[in-house]
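So the structure is just underneath, and the comments pick up after that.
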Amino acid sequence: NNNFNNNNHNNNNFNNNNAAHNQAPPAAANARAQRAADRANLVRQVFKLCDVDNSGRLNEKEMKLFAEGTGFEGEDSEWSEEYHRLCGDTNSHPAEGIDEETLAKLIDDQSDDGCYCSNEELQGVIKELEERRNTMPAQPKAGPTPGQTTRPRKELIARVFELCDRDADGFLNEADMLLFATESGFDGTREEWAEEFVCLCQDSGADPSSGLPMATFQRLVEDDSDQGQYCSDDELKTMIDALQKLPTPPLETRPAPPPTVERATPPLPSPPQALQAPSPVVAPLWELTREGLIDRLFDHLGGASTGFLNCDQTKPFAMHTGFEGPDEEWIAEFDELCRENGCSGTGISRSVFHRLVNDDSDNGIYCNDADIRSLVESLPRIVVVEQATAPATEAEAAEEAQEDRHAAAAAAAATAAET
Numbered sequence: 049n050n051n052f053n054n055n056n057h058n059n060n061n062f063n064n065n066n067a068a069h070n071q072a073p074p075a076a077a078n079a080r081a082q083r084a085a086d087r088a089n090l091v092r093q094v095f096k097l098c099d100v101d102n103s104g105r106l107n108e109k110e111m112k113l114f115a116e117g118t119g120f121e122g123e124d125s126e127w128s129e130e131y132h133r134l135c136g137d138t139n140s141h142p143a144e145g146i147d148e149e150t151l152a153k154l155i156d157d158q159s160d161d162g163c164y165c166s167n168e169e170l171q172g173v174i175k176e177l178e179e180r181r182n183t184m185p186a187q188p189k190a191g192p193t194p195g196q197t198t199r200p201r202k203e204l205i206a207r208v209f210e211l212c213d214r215d216a217d218g219f220l221n222e223a224d225m226l227l228f229a230t231e232s233g234f235d236g237t238r239e240e241w242a243e244e245f246v247c248l249c250q251d252s253g254a255d256p257s258s259g260l261p262m263a264t265f266q267r268l269v270e271d272d273s274d275q276g277q278y279c280s281d282d283e284l285k286t287m288i289d290a291l292q293k294l295p296t297p298p299l300e301t302r303p304a305p306p307p308t309v310e311r312a313t314p315p316l317p318s319p320p321q322a323l324q325a326p327s328p329v330v331a332p333l334w335e336l337t338r339e340g341l342i343d344r345l346f347d348h349l350g351g352a353s354t355g356f357l358n359c360d361q362t363k364p365f366a367m368h369t370g371f372e373g374p375d376e377e378w379i380a381e382f383d384e385l386c387r388e389n390g391c392s393g394t395g396i397s398r399s400v401f402h403r404l405v406n407d408d409s410d411n412g413i414y415c416n417d418a419d420i421r422s423l424v425e426s427l428p429r430i431v432v433v434e435q436a437t438a439p440a441t442e443a444e445a446a447e448e449a450q451e452d453r454h455a456a457a458a459a460a461a462a463t464a465a466e467t
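In this note's numbering, the protein residues as written are 49 to 467.
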């Protein structure tokens with residue numbers, strides 16, 4: 049059925065030699081210019097008839113109108129695949145669509161990658177599109193493209209983004225986007241949404257581990273194709289009203305802004321630690337997002353005071369996630385973990401801890417949400433007791449901590465060798 053890209057027309061042979069062209073009288077040159085102008089006008093008419101939303105670009109549905117006018121008879125799924133291939137070949141973003149210049153190049157391209165049409169064929173396409181438009185019900189005008197977004201609409205989208213960004217990190221993660229999806233009509237399970245979110249990130253070029261930035265979210269809301277999630281202004285306003293009724297997440301679920309460099313202030317070496325029952329929490333664990341759960345676990349293990357987790361603080365976490373070796377093995381494992389993740393002698397930072405817990409490869413320490421809740425509930429909360437004096441310099445603190453770990457490992461190895 050799909051003859052869209054394989055129209056093997058018996059095209060006119062333009063094999064006139066250059067000399068004949070150079071010797072052509074002005075009348076012939078004028079005739080050629082007129083033919084080019086007529087063809088450009090035909091292409092422009094085709095584009096305008098297909099551009100139903102007057103956005104200046106043809107999205108997936110609008111390009112299908114042109115494709116059907118030139119012989120395409122496949123299913124929507126087949127066309128979706130073909131449309132994305134076309135966008136890839138022409139360096140066009142599928143969410144933004146194909147502009148008039150790109151369509152003109154496709155129509156003039158006589159190769160298998162093009163969609164060549166003669167002037168007579170273009171006239172037939174125009175006639176068919178005009179007939180379809182006259183019989184079709186009035187189409188709701190789609191919103192402007194990202195580059196044309198008006199200020200009021202842009203502010204509505206920004207407000208929805210802000211209300212969904214529960215951890216205030218500038219990205220909409222899986223849990224954040226579930227709020228938007230639910231208000232948009234999604235009624236599946238969390239597992240189904242997890243798969244949908246990964247596909248959404250892949251289609252939009254976003255990293256699933258961090259989520260969608262504002263620009264990507266705006267493009268998604270403005271996209272009325274099957275790959276987008278277009279919302280009218282009224283829908284955005286209704287969504288804002290619903291999201292504003294949700295309880296504000298506690299501040300402790302919002303991670304601190306990531307530092308531009310690794311934190312330089314070292315913790316006090318080998319601080320004494322006291323174990324106590326978990327202190328009351330601001331919000332129950334089941335209300336926290338995944339990022340909030342990881343933050344809670346990081347603080348629970350003792351990272352709240354210094355912003356880092358040392359070897360002793362991370363061992364209970366390691367044992368809960370499968371580590372069964374003695375202390376000297378964990379010391380060596382911890383040092384290797386720090387080296388692989390570029391940590392200094394101060395220990396594992398909050399951002400590195402997030403990355404490790406979200407990493408399901410052999411290099412990570414992945415935990416699902418249920419595991420994290422179980423850890424927080426079962427492990428005693430560690431509170432670091434501040435000392436009165438600090439080491440002389442940051443370098444000395446890092447060096448001393450590193451030496452202590454290496455000395456302990458060496459002593460254990462020597463004892464094992466003697467035995």
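Beta carbons: idealized from backbone N, C-alpha and C, even for Gly.
These figures come from a predicted structure and were not determined experimentally.
- The count of Cβ pairs closer than 8 Å, one atom from the region 409 to 424 and one from the region 335 to 347, reaches three, so the stretches are in contact.
- Ranking 156, 265, 163, 98 by CA distance to the CA of residue 119 puts 163 first.
- Residue 112 counts as buried, since at least 16 other C-beta atoms from the protein chains shown sit within 10 angstroms of its C-beta.
- Where residue 363 is concerned, the enclosing alpha helix (DSSP H) starts and stops at 359 to 368.
- Rounded to whole angstroms, the separation of the alpha carbons of residue 114 and residue 94 is 8 Å.
- With distances taken between CA atoms, residue 210 lies nearest to 287 out of 413, 287, 368.
- Between the region 391 to 400 and the region 353 to 364 there are three or more C-beta pairs closer than 8 Å, enough to call the two in contact.
- Under DSSP, residue 255 shares a beta bridge with 259.
- The DSSP-derived three-state label of residue 397 is strand.
- In the structure shown, the three-state DSSP call for residue 120 is coil.
- In this structure, DSSP gives residue 336 a state outside helix and strand, which the three-state scheme calls coil.
- Of all alpha-carbon atoms in 133, 146, 389, 412, the one lying nearest the alpha-carbon of residue 104 is that of 146.
- For residue 200, the uninterrupted alpha helix (DSSP H) segment begins and ends at 199 to 212.
- Going by DSSP, residue 230 is part of the alpha helix (DSSP H) stretching over 222 to 231.
- Counting along the chain, the unbroken alpha helix (DSSP H) around residue 172 starts and ends at 167 to 183.
- In the DSSP assignment, residue 387 falls within the unbroken alpha helix (DSSP H) covering 375 to 388.
- Per DSSP, reduced to three states, the secondary structure at residue 345 is helical.
- By the Cβ test, the region 266 to 279 is in contact with the region 134 to 145, since at least three Cβ pairs between them sit closer than 8 Å.
- Around the C-beta of residue 249, 16 or more other C-beta atoms lie within 10 Å, and the residue is accordingly described as buried.
- With a beta-carbon spacing of about 7 Å, residue 181 and residue 97 fall inside the 8 Å limit used to define contacts.
- Collapsing the DSSP output to three states places residue 288 in a helix.
- The distance from the Cβ of residue 122 to that of residue 177 is about 19 Å, inconsistent with a contact at the 8 Å cut-off.
- Under the DSSP assignment, residue 422 falls in the alpha helix (DSSP H) whose first and last residues are 417 to 426.
- The beta carbon of residue 157 sits closer than 8 Å to those of 163, 164, all from its chain and outside the five residues before and after it, given in chain order.
- The Cβ atoms of residue 99 and residue 106 lie closer than 8 Å to each other.
- For residue 212, same chain residues with a beta-carbon under 8 Å away, outside a window of 5 residues either side, are 220, 224, 225, 227, 228, 291 in chain order.
- When the Cα atoms are used, residue 126 and residue 110 turn out to be separated by approximately 15 Å.
- Around the beta-carbon of residue 151, 16 or more other beta-carbon atoms lie within 10 Å, marking it buried.
- In the three-state DSSP reduction, residue 146 falls in the strand class (E or B).
- Counting the other Cβ atoms within 10 Å of the Cβ of residue 159 gives fewer than 16, which makes it exposed.
- Straight through space, the alpha carbons of residue 161 and residue 404 are spaced by roughly 45 Å.
- A distance below 7 Å between beta-carbons, with the five flanking residues on each side excluded, links residue 366 to the following residues of its chain, in chain order: 378.
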